């Protein structure tokens, strides 16, 4: 067989209109390397994907491996898809060039690391006693399950008062559980370690400082997280759930226990390519090494781009490759950047120079013929000045430039919280942009407003959200009126239900409740008072007439949404979008290029959360959003795609593997990049002790067993307020080594961010942020990349920027004494200098407002107000509808609902005034614990008789334990709930309604029938027909206790009567042939009626109830 060279392959895959790009000498050595373990250190933008693709084609073309014997693994679906597409195209081109003769369906396997582990898990899980078809639990689902574990836990550690919320505890416990699983630990390992640690700490001599005691208590608290993690794992196994970390860990257990599995996988994958190897976790590395040690495995990565340490990745994986896989030769290198221009690459190399992996390594160099590129930089007075400069720089390239629509650009931030101000500046300069990711999505104006209105509807204490809505562009209520609303809330807080003075005893009782003063002063209560009060009452408020009208409008919106809080979350959010007209605003805004896509993304987030947590309510979802917004680690790293003509705002972590023409890296400040305010290491909350981790050798270690006094321990863990004297200086302390590790992690992140830019990069920092009282300086990263930085001085701001009559300079940062002197002299935050401002703030720039007013004038000029509009046949109906709405707004008379459920009828007749008041002012109610059991039981019964996939097609011979029918709501049920549910199921299967005894003609049948001018709605659980007598029986399943009094029984009989009338009218069945039954499953008792009160008598009862409510 004639040898196929890499040059032959390059010619075969070259595009007809492009110059043939022959591999470089570095690439050739990799492409033609022998089939043995090999490591490739591939710098950013060095063409590693192309090199790996040609390597695979070369092996196939020379008969060294068949396509199906090659396995390629990478991290994201996007990267896997790109590599797979290139390989398939390349094989087709080799076939067309006559270089290979292959079956067109014979292709290499390319997948993600998680998919590969999942394949092993699914195929071999039974070998270690796991279910191969377990349900994959995503991040929201895992958080929801852990939240349930926390709520139901009786661990004493949760009662120490240090936990701020259930959500934050669940987040920390979930992170700890994942770390334990990643490192092969169980709760007993943690408990034993803490016991030994406690014993040693108690034996130390000396006095324990308050700061040291906090650190020690934090470590001890990991016992609680370990217990929660064990319970979390137990519940996952019990309910058939599995996470990605479980798949990797279980796959490792499988290959460890059964060497035959290793042989089988090696036989299928003779050649292995491991992409982005620096991002593999220790668990993934252990699995891969067990499978492919001393085989033809090639790992490709860049230790300078190891930026996912917080999710288990370790930069030291690269240095351990030879040991883990048995590699003999030196690593290969790809050191030419085909992406970055010269000056950009120089800046990146300077920031990476201090990394340990840069020592002795070949520096990344620019491609032949590369341009100079642009590195813009600035040190600004305030974060607002910085954002304005960024917007101006991007405006020049995307708006002013003729080819702006063809360019790609990004602003890469360290934290999502940094996006809002920059996005606002981009809007002001009309730069097309989009904020990516859930955390960033929440900072967009339309989503912030939507979140605010949902919170205000669900939580009567959401005062901040109400103020945001009132002060925003929609309502534009002034400060004086908002103060007046607060005064009204304070006044109402001192009144009882009848608006009489509240007794001092009652006020003290309320203040002692957890809500405190919020319980007394509720802006939601004040808004509701405005909505329901007449003009005479409102005259006493200190609110203008226009302010009252706008507040009443918001109150009506909130009232309307509160009435819909029982809707599914997606339906509720859609109703809020329509009610607030956010969909119209986003589409109509000419400066909003993404139109309503942010709203759609929000709805998608709800759908994803509800899919994982079927029984979740609005407050639980909003809690998840709070965590996702403030903690980037909770949200999955987005798979981003560059878009022409739009500047994308995303995180540095999400930018990995991407490139843009222009990139901005803002906030390169001390305390931001790097943000290393504390260096606690494993003494931080919910952190695994380093010595228990599999990568312990790569982490700073504390030999605490050799410490004999608390003074020694303090010196290792806590940075002294004053530097030690020269004769006291010793080797580096634990906190110093930990600090250096965190700085190096962030330095790698800065390197990744800068190397995303092809043609231009802007690097910025600012001295003052928000209303902080401490100024910041350009970080060491910023100074490393661009050298000396002098602060930009806005006109008239010399008092904030000049020291000794000169603008401050970054070179003064290294002189600690001078730096403190400057900070002491220039200690006023200029963000506080504009104490007076116009209200309300302009909703758009002057230029945009001028254009919009011009358009409005043109539209107005086209309307001839002298002519009467054309009459239509709908005018009279429209007038009636408008009059009806006006009458409803003016009316303050209590009225019972015009639409109600059959089970609601007895309550309505029993206390119509209470029902009418609740309808006039619906507020969120705490759900009954029994509701979950009832829902699960109804779903189970329905599944016995219906094919869920075909929509009510009856099944014969259905297996009652069919896994497809398992209700996801079970994930939220406690052990007691599940036991009770099993009892109900057993009772039902013994009853006369069991599937093998009789089959209903319909289940969950909707009803919607008139009762006078009211409407009765609901669902009939089951309808049976006797084929011999043609009698119809309507049955309603009840999981609660049966009524024991005549009055309670009468109420249930009213419900049955309404069911009977509804079915009779809907299906033309005579009432005398209908029997209605309530089956109380828990007690195995039935309540049935055959004598049904005439409909006119029921209507008379309803009319009497209405009159009672009207007179109240």
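In the UniProt record's numbering, the protein residues as written are 1 to 1112.
Note that the Cβ used here is the ideal one computed from N, Cα and C, for glycine as well.
Since the model is a prediction, treat every value here as computed from it, not as a measurement.
Asked, Found
"Could you give the distance in angstroms between the alpha-carbon of residue 567 and the alpha-carbon of residue 606?", "13 Å"
"Please state the DSSP three-state secondary structure of residue 204.", "coil"
"Going by beta carbon distance, what residues of the same chain come within less than 8 Å of residue 832, once the five residues before and after it are set aside?", "771"
"Helix or strand or just coil, what does DSSP make of residue 661?", "strand"
"For residue 768, which residues does DSSP report across the bridge?", "382"
"If I follow the unbroken beta strand (DSSP E) through residue 72, where does it start and stop?", "70-74"
"Rounded to whole angstroms, what's the CA-CA distance from residue 103 to residue 319? Just pull it up for me.", "39 Å"
"Starting from the Cα of residue 671, find the closest Cα among 777, 652, 713 and 589 and give me that residue.", "777"
"Measure the C-alpha to C-alpha separation of residue 7 and residue 14 and round it to an integer number of angstroms.", "11 Å"
"Looking at the strands, I want to know which residues DSSP matches up with residue 40.", "300 and 332"
"Need the endpoints of the alpha helix (DSSP H) that residue 980 sits in, please.", "975-990"
"Which residue wins for smallest C-alpha separation from residue 1093, given the options 1020, 897, 191 and 1072?", "1072"
"Should residue 108 be labelled buried (16 or more other beta-carbon atoms within 10 Å of its own) or exposed?", "buried"
"Where does residue 350 fall in DSSP's three states?", "helix"
"Thinking C-alpha only, which one of 752, 1089, 790 and 72 is nearest residue 414?", "752"
"For my contact list, residue 58 and residue 31 are in at a C-beta cut-off of 8 Å; report their separation, rounded to the angstrom.", "5 Å"
"Taking C-beta to C-beta, are residue 674 and residue 746 nearer than 7 Å?", "yes"
"If residue 1034 sits next to residue 1023, beta carbons under 8 Å apart, how far is it from one beta carbon to the other, in whole angstroms?", "6 Å"
"In whole angstroms, what is the alpha-carbon distance linking residue 480 and residue 543?", "8 Å"
"Could you give the residue range of the beta strand (DSSP E) that holds residue 111?", "109-112"
"Of the choices 611, 487 and 150, whose alpha-carbon is the least far from that of residue 138?", "611"
"Measure the CB-CB distance between residue 897 and residue 1109 and report whether it falls below 7 Å.", "no"
"Does the separation of the CB atoms of residue 456 and residue 466 fall below 7 Å?", "yes"
"Tell me the rounded alpha-carbon separation between residue 710 and residue 826.", "39 Å"
"Tell me whether residue 140 sits in a helix, a strand or coil according to DSSP, three-state version.", "helix"
"Residue 461 by DSSP, collapsed to three states: which one?", "coil"
"Using 8 Å as the cut-off, can you tell me whether the segment 349-364 makes contact with the segment 381-400, which would need three or more C-beta pairs spanning the two stretches below that distance?", "no"
"If you run the structure through DSSP and keep just helix, strand and coil, what is residue 914?", "helix"
"Counting Cβ pairs, one atom from each stretch, are 3 or more of them under 8 Å apart for the segment 290-307 and the segment 36-45?", "yes"
"Where do the ends of the beta strand (DSSP E) carrying residue 752 lie?", "Taken as a continuous stretch (DSSP letters only), residue 752 belongs to no beta strand (DSSP E), being part of the alpha helix (DSSP H) at 734-754."
"Report yes if the C-beta distance between residue 1140 and residue 187 is below 7 Å; otherwise report no.", "Since the first residue shown for the chain is 1 and the last is 1112, residue 1140 is missing from the structure and cannot be characterised."
"Alpha carbon to alpha carbon, what distance is there between residue 308 and residue 628?", "17 Å"
"In its own chain, which residues sit with a C-beta less than 6 Å from the C-beta of residue 524, not counting the 5 before and 5 after it?", "460"
"Give me the Cα-Cα distance between residue 1054 and residue 180, rounded to the nearest whole angstrom.", "57 Å"
"Rounded to whole angstroms, what is the Cα-Cα separation between residue 151 and residue 159?", "12 Å"
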